[in-house]
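All remarks here apply to the structure that follows.
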């Protein structure tokens, strides 16, 4: 949300609105505007035609040639979107693209060759400004990364973080904490040949963080991690998603975990 407007991204193709003045109880009159993958709404829910809209054709521009899985908004209002696509509005964009505030592709984004396979998740830490993407890719901009890469806001790789070898499955979520450590979850069972059953916390360089990785099996998917405190005021993480097991204990999609100072 920016300037009381809302941006939606996804796998949709159309924006539908209703003409209630011409409608009856039994028949609603609809107007369909072709809007591929990306749309901005005004505060009242109407289509913002100043964003990703071609007035000549009365529809959006070409959009992505695949689906948009997720996205984040940067402090300047630009959007970074990720997914399965290889072009956006006819411009090369391998599974990641930065979109200007008018909906056009920001070709200054330094993603280079992008990711060589699907990107499913993206997060940004508001304090460090670092971005983490996860997915089925093995390489990002021609460099080897095992499904997780840390980026700067301009799309370039933060080379300090180097993802190790995962086995048993793919990562599905990663986010950086304010202290620089990185939370990663997925379907994996080992990291650099150390048993980590779907959940781990890494240092800023990608190594396992000492004292943070004593939990048992995790099962499911994480959508968000919020830094908070326990009732005693010690640091904790509020973990939210679609999961039924954390530390070999049955939970219901949300859990609070105490962490070290």
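Numbering (the working numbering), first residue to last: 2 to 262.
Just so you know, even glycine gets a beta-carbon here, dropped at the ideal spot from N, CA and C.
The shortest CA-to-CA distance from residue 185 to any of 45, 59 and 213 is the one to 213. Assigned with DSSP and collapsed to three states, residue 161 falls in coil, not helix or strand. The segment 27-39 and the segment 6-13 touch, with three or more beta-carbon pairs separated by less than 8 Å. Between residue 83 and residue 146, the alpha-carbon positions lie close to 16 Å from each other. A direct Cα-Cα distance of roughly 24 Å separates residue 62 from residue 118.
A straight-line Cα-Cα distance of about 16 Å links residue 161 and residue 148. Less than 9 Å divides the Cβ of residue 173 from the Cβ of residue 121.
Straight-line measurement puts the Cα of residue 163 at about 6 Å from the Cα of residue 206. DSSP places residue 222 inside the beta strand (DSSP E), whose first and last residues are 220-230. Per DSSP, the unbroken beta strand (DSSP E) holding residue 19 starts and ends at 15-20. Excluding sequence positions up to five before and after residue 210, its CB lies within less than 7 Å of the CB of 182, 202, 203 and 204, all in the same chain and listed in chain order.
For residue 121, the uninterrupted beta strand (DSSP E) segment begins and ends at 120-125. Rounded to whole angstroms, residue 138 and residue 94 show a C-alpha spacing of 14 Å.
Judged by DSSP secondary structure, residue 32 falls within the beta strand (DSSP E) whose first and last residues are 30-35.
Residue environment analysis places residue 244 among the buried positions, since at least 16 neighbouring C-beta atoms fall within 10 angstroms of its C-beta. The shortest C-alpha to C-alpha distance from residue 34 to any of 43, 236 and 15 is the one to 15.
Separation of residue 177 and residue 73 (C-alpha to C-alpha, rounded to the nearest whole angstrom) is 14 Å.
Put simply, of 57, 171, 196 and 70 the residue whose alpha carbon is nearest the alpha carbon of residue 216 is 196. A straight-line Cα-Cα distance of about 47 Å links residue 200 and residue 59.
In the displayed model, residue 87 falls within coil according to three-state DSSP, outside both helix and strand. Each residue's CA atom was taken as its position, placing residue 226 and residue 129 some 15 Å apart. Membership of residue 188 in any beta strand (DSSP E) is not indicated, and neither H nor E is assigned to it by DSSP.
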